[in-house]
Amino acid sequence: MNLLIVDDDKEIVNFLKPSLKAEGFVVDTADNGDSGLYKAQINKYDLIILDNVLPQKTGLQVCSEIRNEGNNVPILILSAKTETETKAEFLNSGADD
3 MNLLIVDDDK EIVNFLKPSL KAEGFVVDTA DNGDSGLYKA QINKYDLIIL
53 DNVLPQKTGL QVCSEIRNEG NNVPILILSA KTETETKAEF LNSGADD
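Numbering-wise (this note's numbering), the sequence shown opens with residue 3 and increments by one.
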């Protein structure tokens, strides 16, 4: 299973990536929205783990653009924001959870 983690927080990436690889996943990473979107466009992923607060493009923008291109890969949002409005924005933009 191929995964993409898009997060600019190195501590989070350094925690998630080895743990997922140890479980047999192939893991790519991106540390900004532009790079994450580009990787999602040129590679086939089974899951994208996407942060909201990113340099260059927000997670919301990346999610919307992935969906607008017809890519239905499952997208999980990794965010410290817990407001109902923020969750609704992501779900309305195509995020799965």
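Even glycine gets a Cβ: it sits at the ideal position worked out from N, Cα and C.
Mapping DSSP to helix, strand and coil, what is residue i?
i          : result
residue 73 : coil
residue 97 : coil
residue 16 : helix
residue 55 : coil
Just confirm the distance between the C-beta atoms of residue i and residue j, as a whole number of angstroms; I'd bet it's less than 8 Å.
i          : j          : result
residue 41 : residue 30 : 6 Å
residue 11 : residue 34 : Contact doesn't hold; Cβ gap of about 12 Å is too wide.
residue 80 : residue 56 : Between residue 56 and residue 80 the Cβ distance is about 11 Å, and since that is not below 8 Å, they are no contact.
residue 77 : residue 50 : 5 Å
Taking residue i as the reference, give the member of the options with the closest Cα.
i          : options       : result
residue 8  : 38, 25 and 20 : 38
residue 32 : 70, 71 and 43 : 43
residue 91 : 70, 61 and 76 : 61
Which residue or residues does DSSP assign as beta-bridge partners of residue i?
i           : result
residue 118 : Residue 118 lies beyond the residue range present for the chain, which begins at 3 and ends at 99; the question has no answer from this structure.
residue 100 : Shown here, the chain extends from 3 to 99; a query on residue 100 therefore has no answer.
residue 50  : 6 and 77
Run the CB neighbour count on residue i, radius 10 Å, all protein chains shown included, and call it buried at 16 or more, exposed below.
i          : result
residue 74 : exposed
residue 54 : buried
residue 72 : exposed
State yes or no: is the beta carbon of residue i nearer than 8 Å to at least one beta carbon in chain C?
i          : result
residue 79 : Here chain C cannot be found, since the structure has a single protein chain.
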